[in-house]
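Visitor: Dropping a structure here in C-alpha coordinates format, bear with me for questions.
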Amino acid sequence: RLKTAAFTASAVNAVLGIADIARILKSDMFVHIFLFIGIVSAVETVIYLLYMKLGFKTLRFSAKVIFISSLLELTVFNYPSFYLWNSDFKEQSVEISKAYYGSENSFYDEQNNLIAANGVGEFKVSIVNFNGKIGSVYADLDFGKDTQRVLFKIDAGDEAQKALLRTDYISRYMVNGRI
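Residue numbers for the sequence shown, in our numbering: 719 to 897.
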(Lines of atoms letter the chains of each structure in order from A and count residues from 1; the text may use other names and numbers.)
(Lines give C-alpha, C1' and ligand atoms only; values in the text may rest on other atoms or scores of the structure.)
Protein backbone atom coordinates (compact mmCIF):
# COMPACT_ATOMS: atom_id res chain seq x y z
CA ARG A 1 0.00 0.00 0.00
CA LEU A 2 2.78 2.43 0.86
CA LYS A 3 4.52 1.71 -2.45
CA THR A 4 1.28 2.41 -4.35
CA ALA A 5 0.77 5.67 -2.46
CA ALA A 6 4.36 6.73 -3.19
CA PHE A 7 4.01 6.01 -6.92
CA THR A 8 0.67 7.83 -7.01
CA ALA A 9 2.15 10.88 -5.24
CA SER A 10 5.08 10.85 -7.64
CA ALA A 11 2.74 10.69 -10.64
CA VAL A 12 0.63 13.56 -9.26
CA ASN A 13 3.78 15.63 -8.71
CA ALA A 14 4.94 14.89 -12.26
CA VAL A 15 1.56 16.00 -13.66
CA LEU A 16 1.71 19.17 -11.54
CA GLY A 17 5.21 19.81 -12.91
CA ILE A 18 3.98 19.46 -16.48
CA ALA A 19 1.03 21.76 -15.70
CA ASP A 20 3.48 24.28 -14.23
CA ILE A 21 5.71 24.35 -17.30
CA ALA A 22 2.62 24.56 -19.55
CA ARG A 23 1.56 27.60 -17.49
CA ILE A 24 -1.71 25.98 -16.42
CA LEU A 25 -0.67 26.54 -12.80
CA LYS A 26 0.38 30.07 -11.96
CA SER A 27 2.01 31.29 -8.80
CA ASP A 28 3.40 34.77 -8.39
CA MET A 29 5.23 33.77 -5.28
CA PHE A 30 6.80 30.46 -6.21
CA VAL A 31 7.78 30.36 -9.86
CA HIS A 32 8.15 26.77 -11.15
CA ILE A 33 7.94 25.21 -7.70
CA PHE A 34 5.67 22.45 -9.03
CA LEU A 35 8.13 21.77 -11.83
CA PHE A 36 10.94 21.44 -9.28
CA ILE A 37 8.91 19.07 -7.10
CA GLY A 38 7.83 17.05 -10.16
CA ILE A 39 11.42 16.61 -11.33
CA VAL A 40 12.59 15.59 -7.85
CA SER A 41 9.73 13.08 -7.57
CA ALA A 42 10.50 11.60 -10.98
CA VAL A 43 14.21 11.28 -10.18
CA GLU A 44 13.45 9.72 -6.79
CA THR A 45 11.10 7.21 -8.45
CA VAL A 46 13.71 6.23 -11.05
CA ILE A 47 16.35 5.83 -8.34
CA TYR A 48 13.94 3.70 -6.28
CA LEU A 49 13.14 1.44 -9.24
CA LEU A 50 16.84 1.03 -10.02
CA TYR A 51 17.55 0.27 -6.36
CA MET A 52 14.81 -2.39 -6.30
CA LYS A 53 16.26 -3.99 -9.44
CA LEU A 54 20.01 -3.65 -8.77
CA GLY A 55 20.22 -3.25 -4.99
CA PHE A 56 23.19 -0.84 -5.01
CA LYS A 57 23.53 1.02 -1.73
CA THR A 58 24.89 4.00 -3.67
CA LEU A 59 21.43 4.48 -5.18
CA ARG A 60 19.85 4.49 -1.74
CA PHE A 61 22.39 7.06 -0.57
CA SER A 62 21.75 9.16 -3.71
CA ALA A 63 18.02 9.20 -3.01
CA LYS A 64 18.66 10.45 0.53
CA VAL A 65 21.03 13.17 -0.70
CA ILE A 66 18.53 14.37 -3.30
CA PHE A 67 15.71 14.39 -0.74
CA ILE A 68 17.73 16.35 1.83
CA SER A 69 19.02 18.77 -0.82
CA SER A 70 15.48 19.40 -2.02
CA LEU A 71 14.26 20.09 1.50
CA LEU A 72 17.13 22.51 2.05
CA GLU A 73 16.38 24.25 -1.25
CA LEU A 74 12.70 24.65 -0.42
CA THR A 75 13.29 25.88 3.14
CA VAL A 76 16.69 27.20 4.20
CA PHE A 77 17.89 28.60 0.87
CA ASN A 78 14.56 30.34 0.29
CA TYR A 79 14.48 31.95 3.74
CA PRO A 80 14.76 35.51 2.33
CA SER A 81 11.42 35.06 0.53
CA PHE A 82 9.46 33.77 3.53
CA TYR A 83 8.12 37.25 4.23
CA LEU A 84 6.03 36.86 1.06
CA TRP A 85 3.84 34.33 2.87
CA ASN A 86 2.41 37.15 4.95
CA SER A 87 -0.23 38.77 2.77
CA ASP A 88 -0.49 42.12 4.52
CA PHE A 89 1.06 43.99 1.59
CA LYS A 90 -0.73 47.14 0.55
CA GLU A 91 -1.25 47.62 -3.16
CA GLN A 92 0.57 50.71 -4.30
CA SER A 93 0.20 52.17 -7.76
CA VAL A 94 2.99 54.22 -9.25
CA GLU A 95 2.19 57.49 -10.95
CA ILE A 96 4.20 56.88 -14.08
CA SER A 97 4.45 60.55 -15.07
CA LYS A 98 6.44 61.32 -11.90
CA ALA A 99 8.61 58.20 -12.04
CA TYR A 100 9.62 58.20 -15.75
CA TYR A 101 13.07 59.35 -16.79
CA GLY A 102 13.23 60.02 -20.53
CA SER A 103 15.47 58.38 -23.07
CA GLU A 104 16.19 58.88 -26.76
CA ASN A 105 14.11 55.85 -27.83
CA SER A 106 11.06 56.36 -25.63
CA PHE A 107 8.54 59.03 -24.71
CA TYR A 108 5.78 59.65 -22.20
CA ASP A 109 2.29 60.00 -23.69
CA GLU A 110 0.39 62.31 -21.32
CA GLN A 111 -2.97 61.78 -22.97
CA ASN A 112 -2.95 58.00 -22.47
CA ASN A 113 -0.67 58.00 -19.38
CA LEU A 114 1.80 55.52 -20.84
CA ILE A 115 5.41 55.18 -21.89
CA ALA A 116 6.10 54.18 -25.48
CA ALA A 117 9.44 52.74 -26.54
CA ASN A 118 10.57 52.62 -30.16
CA GLY A 119 12.88 49.98 -31.60
CA VAL A 120 15.41 49.03 -28.99
CA GLY A 121 13.83 51.51 -26.61
CA GLU A 122 15.11 51.48 -23.09
CA PHE A 123 13.84 53.75 -20.37
CA LYS A 124 14.07 54.19 -16.64
CA VAL A 125 11.30 54.45 -14.09
CA SER A 126 12.44 55.34 -10.60
CA ILE A 127 10.26 55.08 -7.51
CA VAL A 128 11.65 57.18 -4.68
CA ASN A 129 10.71 57.10 -1.01
CA PHE A 130 8.99 53.74 -1.32
CA ASN A 131 9.92 52.63 2.22
CA GLY A 132 8.41 49.17 2.13
CA LYS A 133 8.82 45.58 1.14
CA ILE A 134 7.96 44.47 -2.37
CA GLY A 135 5.60 41.51 -2.64
CA SER A 136 4.66 41.33 -6.32
CA VAL A 137 5.21 43.69 -9.21
CA TYR A 138 2.67 44.00 -11.98
CA ALA A 139 3.31 45.87 -15.22
CA ASP A 140 0.67 46.52 -17.84
CA LEU A 141 2.37 46.08 -21.20
CA ASP A 142 0.87 46.64 -24.63
CA PHE A 143 2.92 45.35 -27.55
CA GLY A 144 3.25 47.07 -30.90
CA LYS A 145 2.20 45.05 -33.95
CA ASP A 146 5.80 44.08 -34.78
CA THR A 147 6.95 43.54 -31.18
CA GLN A 148 7.44 39.90 -30.20
CA ARG A 149 8.94 40.26 -26.74
CA VAL A 150 10.14 42.79 -24.20
CA LEU A 151 12.83 42.39 -21.57
CA PHE A 152 11.43 43.71 -18.29
CA LYS A 153 14.00 44.40 -15.56
CA ILE A 154 13.80 45.84 -12.08
CA ASP A 155 16.77 46.92 -10.03
CA ALA A 156 16.27 47.54 -6.33
CA GLY A 157 18.36 49.47 -3.90
CA ASP A 158 18.39 51.35 -0.67
CA GLU A 159 18.95 55.09 -0.82
CA ALA A 160 21.12 54.89 2.31
CA GLN A 161 23.39 52.23 0.81
CA LYS A 162 23.69 52.92 -2.89
CA ALA A 163 26.62 50.52 -3.21
CA LEU A 164 24.24 47.62 -2.51
CA LEU A 165 22.10 48.11 -5.62
CA ARG A 166 20.69 44.75 -6.69
CA THR A 167 20.72 44.78 -10.46
CA ASP A 168 18.33 42.49 -12.30
CA TYR A 169 16.33 42.01 -9.09
CA ILE A 170 13.60 40.96 -11.48
CA SER A 171 14.52 40.09 -15.05
CA ARG A 172 12.01 38.40 -17.30
CA TYR A 173 11.10 38.34 -20.95
CA MET A 174 7.46 39.24 -21.59
CA VAL A 175 6.37 37.47 -24.78
CA ASN A 176 3.55 38.85 -26.91
CA GLY A 177 0.46 36.63 -26.72
CA ARG A 178 1.37 34.95 -23.42
CA ILE A 179 -0.21 35.76 -20.11
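Where is the CB? At the ideal position from N, CA and C, for every residue including glycine. Source: prediction; values computed, not measured.
Look at Tyr818 and Val843 and say whether their C-beta atoms are less than 8 Å apart.
Guide: On the sequence shown, residue 818 is found 100 positions in, with the first residue counted as 1. On the sequence shown, residue 843 is found 125 positions in, with the first residue counted as 1. Against a cut-off of 8 Å, the Cβ pair of Val843 and Tyr818 comes out as a contact.
Visitor: Quick one, which of Ser821, Arg896, Lys771, Lys816 has its alpha-carbon nearest Asn847's?
Guide: Locating residue 847 in the sequence shown gives position 129, counting from the first residue. Nearest C-alpha to Asn847: Lys816.
Visitor: Assuming Ile814 contacts Asn831 (C-beta within less than 8 Å), just tell me the rounded distance between them.
Guide: Numbered from its first residue, the sequence shown carries residue 814 at position 96. Numbered from its first residue, the sequence shown carries residue 831 at position 113. About 6 Å separates the two Cβ atoms, so the contact holds.
Visitor: How is Ser821 classed by DSSP in three states: helix, strand or coil?
Guide: The sequence position of residue 821 within the sequence shown is 103, counting from 1. Strand at Ser821.
Visitor: Using DSSP with H/G/I as helix, E/B as strand and the rest coil, what is Phe870?
Guide: One-based indexing of the sequence shown puts residue 870 at position 152. DSSP places Phe870 in strand when its eight states are reduced to three.
Visitor: Just to confirm the assignment, what range does the alpha helix (DSSP H) spanning Ala727 have?
Guide: For the purposes of this step, residue 727 is taken as the residue at position 9 of the sequence shown. According to the DSSP assignment, Ala727 belongs to the alpha helix (DSSP H) that extends over 720-739.
Visitor: Where Ile736 and Ser780 are concerned, what is the direct C-alpha to C-alpha distance, given to the nearest angstrom?
Guide: For the purposes of this step, residue 736 is taken as residue 18 along the sequence shown, with counting starting at 1. For the purposes of this step, residue 780 is taken as residue 62 along the sequence shown, with counting starting at 1. Answer to the nearest angstrom: the Cα atoms are 24 Å apart.
Visitor: What does the alpha-carbon distance come out to for the pair Ile742 and Phe754?
Guide: Numbered from 1 along the sequence shown, position 24 holds the residue referred to as residue 742. Numbered from 1 along the sequence shown, position 36 holds the residue referred to as residue 754. The alpha-carbon atoms of Ile742 and Phe754 are separated by roughly 15 Å.
Visitor: With DSSP collapsed to three states, give me the class of Ile757.
Guide: Reading the sequence shown from its first residue, position 39 is the one you call residue 757. Under the three-state reduction of DSSP output, Ile757 falls in the helix class.
Visitor: How many angstroms separate the CA atom of Phe725 from the CA atom of Asn823?
Guide: In the sequence shown, residue 725 corresponds to position 7, counting from 1. In the sequence shown, residue 823 corresponds to position 105, counting from 1. Whole-angstrom Cα-Cα distance: 55 Å.
Visitor: Taking the Cβ atom as the reference point for each residue, do Val854 and Lys871 lie within a distance shorter than 8 Å?
Guide: Stepping through the sequence shown from its first residue, residue 854 is reached at position 136. Stepping through the sequence shown from its first residue, residue 871 is reached at position 153. Reading off the sequence, residue 854 comes out as Ser, not Val. Not in contact: Ser854 and Lys871 (Cβ atoms no closer than 8 Å).
Visitor: Counting along the chain, where does the beta strand (DSSP E) carrying Leu859 start and finish?
Guide: On the sequence shown, residue 859 is found 141 positions in, with the first residue counted as 1. Here Leu859 belongs to no beta strand (DSSP E), and DSSP marks it neither H nor E.
Visitor: Quick one: what's Ala834 bridged to in DSSP?
Guide: Position 116 of the sequence shown, counted from the start, is the residue given in the question as residue 834. Answer is Phe825.
Visitor: Can you tell me whether Ser787 is helix, strand or coil according to DSSP?
Guide: The sequence position of residue 787 within the sequence shown is 69, counting from 1. Looking at Ser787 - three-state DSSP - the assignment turns out to be helix.
Visitor: Use the C-beta contact count for Phe807: other C-beta atoms within 10 angstroms, 16 or more gives buried, fewer gives exposed.
Guide: The residue labelled residue 807 in the question sits at position 89 within the sequence shown. Classification for Phe807: exposed.
Visitor: When burial is assigned at 16 or more other CB atoms within 10 Å of the CB, is Ser811 buried or exposed?
Guide: The sequence position of residue 811 within the sequence shown is 93, counting from 1. The residue in question, Ser811, is exposed, as its Cβ has fewer than 16 Cβ neighbours within 10 Å.
Visitor: Pick helix, strand or coil for Lys816, following the three-state DSSP scheme.
Guide: Mapped onto the sequence shown, residue 816 falls at position 98. Note: Lys816 maps to helix in three-state DSSP.
Visitor: Using a C-beta cutoff of 8 Å, does Asp738 count as contacting chain D?
Guide: The chain labelled as chain D is not found in the depicted structure, where only one protein chain is given.
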